[in-house]
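As structure tokens, the structure follows; a few thoughts come after it.
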Amino acid sequence: MKSWLTGLGALLIKELRLELRGKETVTLLFCNAILASALVGVGTSSAFLDRTNTLKIFPMLLWTLFLLSASASAVRAHEQELEGRGFEGLLLAGATSPQIFVSKLLVSTALFFAHFVVLACVLAVALDQPAPLSVGQLLAAGLGASSALAAVTVLLSAVAGTSRMRGVILPLLSLPLLFPVFFCGTEMTAQILIVGHLEPGAPWPLILLCADVLYVALGVSLFEFALRD
Amino acid sequence: MVAAEPLIEAKSITKSFGPKRVLQRASLACSAGEVVLLLGANGAGKSTLLRVMAGLSRPDGGQLTRPRAGSLGFLSHHLFLYSRLTARENLRLFGALSGVPGDSVAAALREWGLADVADRPVSELSRGNQARVGLARTFLNAPLVRLLDEPSANLDDSGVERLQRAILAGPRSATVIATHDLHRLGGLATRVVVMSQGEVLADSGAGGSTAEIAQAVRAYRELNR
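Structure (structure tokens):
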């Protein structure tokens, strides 16, 4: 177990270093967040929606923009592995597929979660919306969705990684799998913003948790088949 | 004399890419102390056989016996390095995964003549130095089995000398070298295997005499005419 964690630590450092050197995914995610929010802000202001009506469409806009821009940006996740076929070196050095998957999952979750926070803030400013009362609940929903999104995109970016059409294939494959995440996120955000908190007994957090567990379990068990030919 | 148990063995391996059959019942075994030179024209199936033996490519048929992951060093045309990481960061990463202590990484960088460029990203190194980092990665954890595909490519004479020293430094290791560089690596061979069109065409045999090795080399040269 100790050597497994040591290996995971080394892989996490590698993922962070690669991301910090290139900053491609971070830049793409944050630029998408700002540009999309600005476009939506201009679009809704020309539709003459009042603040109350804008609040009603805010959750749907937030989660649509989040899932679309994050899944489109995630194509970079596997490209650095393919450049020098570094992942094969990892396997030869004794790293296991679940270790590689978990390291990518953790770093991608952190990136997507940061993207979610930036997008929620910029979109709220663009649509002139107040900060929610239950910030913690909204952040928890964002974190749960980020981890499900990361599990799906890390797995599928390895599957689609060798295709020249990976930029198209990855969003096409991942978005249908993310429908449950979209519905849960939208419903939870609507309750948090309109009611002020999540209603007790609402099924959405549980569904999001189940999606998380399912996608992470699928990723851990199938990642090896995506890595080896 | 009883032949030593092979450390790695591929038996009747077949492999196709689409309709093209690349390996046709190819067999190769390598025991401790052996340095097998795998010769063959381009497209003979040498690289594919080594990838299969390294466990990076699934064969369509045949049997494979190989040591556990972490005990096998493989160098291929791809260097299995992260081009944005420095030479030192790459070796630390692969070392940490195979349980190699940090001071061994520094020693490996010195051994391969990389101390001066250790903190530069691999993408900024010359081809020759990139090849040295690839070799340093391959030999870092003193693997039991070394599979080397064109290991002298892009290396200058000093690099080849270091490569020869590294190969000879593991007398209990099994080494398979796929190469066309008979001039610089031929002297290391204890056995020569020649492949053609996915099959093993000639094999000087384990513990083969100099005459048998020379005969296998002649078979290779005949093929290349």
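Note that the protein sequences, when read in sequence, are chains X and U.
Per numbering that gives the first Met the number 0, residue 0 is the first one in the first sequence, and the count goes up by one each step.
Per numbering that gives the first Met the number 0, residue 0 is the first one in the second sequence, and the count goes up by one each step.
Glycine residues also receive a C-beta, built at the ideal position from the N, C-alpha and C atoms.
- Residue contact with chain U for arginine 163/X: absent (no Cβ-Cβ distance below 7 Å to any residue of chain U).
- Interface criterion met: the Cβ of lysine 13/X is under 7 Å from a Cβ in chain U.
- The beta carbon of glycine 69/U falls within 7 Å of a beta carbon belonging to chain X, placing the residue at that interface.
- By the neighbour-count definition (other C-beta atoms within 10 Å, threshold 16), isoleucine 193/X is an exposed residue.
- Residue environment: threonine 85/U is assigned as buried (16 or more neighbouring CB atoms within 10 Å of its CB, all protein chains considered).
- Under the Cβ distance rule, arginine 84/X counts among the residues neighbouring chain U, one pair being separated by less than 7 Å.
- Within the same chain, and ignoring the five residues on either side of proline 58/U in sequence, the residues whose Cβ sits closer than 6 Å to its Cβ are Ile12, Lys14 and Val51.
- Only those residues of the segment 212 to 224 of chain U whose C-beta falls short of 7 Å from the nearest C-beta of chain X would be listed, and there are none.
- At a cut-off of 7 Å between C-beta atoms, alanine 94/X counts as an interface residue with respect to chain U.
- The Cβ atoms of valine 144/U and alanine 173/U lie closer than 7 Å to each other.
- Put simply, of Asp118/U, Gly42/U and Gly101/U the residue whose alpha carbon is nearest the alpha carbon of glutamine 23/U is Gly42/U.
- Excluding sequence positions up to five before and after aspartate 155/U, its CB lies within less than 7 Å of the CB of Gly127, all in the same chain and listed in chain order.
- Proximity of the segment 33 to 43 of chain X to the segment 91 to 101 of chain X falls short of the contact definition, fewer than three beta-carbon pairs being nearer than 8 Å.
- Between the alpha carbons of glutamate 123/U and isoleucine 166/U lies a gap of roughly 27 Å.
- Leucine 27/U places its beta carbon 7 Å or farther from that of glutamate 87/X.
- At the C-beta level, arginine 190/U and glycine 207/U come within 7 Å of one another.
- The criterion of a C-beta distance shorter than 7 Å is not satisfied by phenylalanine 115/X and glycine 143/X.
- Residue-level contact check: arginine 126/U does not touch chain X, since none of the beta carbons of chain X fall below 7 Å from its beta carbon.
- For leucine 154/U, no Cβ of chain X is located within less than 7 Å of the residue's own Cβ.
- Interface residue (Cβ-Cβ distance to chain X less than 7 Å): serine 172/U is not classified as such.
- Assigned with DSSP and collapsed to three states, glutamate 8/U falls in strand.
- As the crow flies, the alpha-carbon of cysteine 209/X is around 13 Å from that of alanine 150/X.
- Counting only residues of its own chain and dropping the five nearest sequence neighbours on each side, valine 192/U has a CB closer than 8 Å to the CB of Leu27, Val35, Leu36, Leu37, Leu38, Val199, Ala201, Asp202, Ser203 and Ala215.
- Under the 7 Å criterion on CB atoms, arginine 119/U is classed as non-interfacial with respect to chain X.
- Unbroken alpha helix (DSSP H) stretches of 4 residues or longer found wholly inside the segment 82 to 157 of chain U: 86 to 96, 101 to 110 and 126 to 138, given in chain order.
- In this structure, alanine 159/X lies near leucine 169/X, with their beta-carbon atoms less than 7 Å apart.
- Here the alpha carbon of glycine 72/U sits roughly 28 Å from the alpha carbon of arginine 20/X.
- Within 9 Å of the CB of alanine 9/X, the CB atoms of chain U belong to Arg91, Leu92, Phe93, Gly94, Ala95 and Leu96, in sequence order along the chain.
- Take the alpha-carbon of alanine 106/U and the one of glycine 218/X: they are about 38 Å apart.
- Among the residues of the segment 72 to 84 of chain U, those with a Cβ less than 9 Å away from any Cβ of chain X are Gly72, Phe73, Ser75, His77, Leu78, Phe79, Leu80, Tyr81, Ser82, Arg83 and Leu84, in the order of the chain.
- Each residue's CA atom was taken as its position, placing phenylalanine 224/X and arginine 67/U some 19 Å apart.
- Taking CB atoms only, leucine 146/U has no neighbour in chain X less than 7 Å away.
- CA-CA distance, leucine 138/X to phenylalanine 57/X, rounds to 16 Å.
- Within the segment 64 to 117 of chain X, the runs of alpha helix (DSSP H) that reach at least 4 residues and sit entirely inside it are, in chain order, 78 to 82 and 85 to 91.
- Residue burial annotation: leucine 171/X is exposed, with fewer than 16 other C-beta atoms found within 10 angstroms of its C-beta.
- Take the alpha-carbon of threonine 152/X and the one of alanine 135/U: they are about 33 Å apart.
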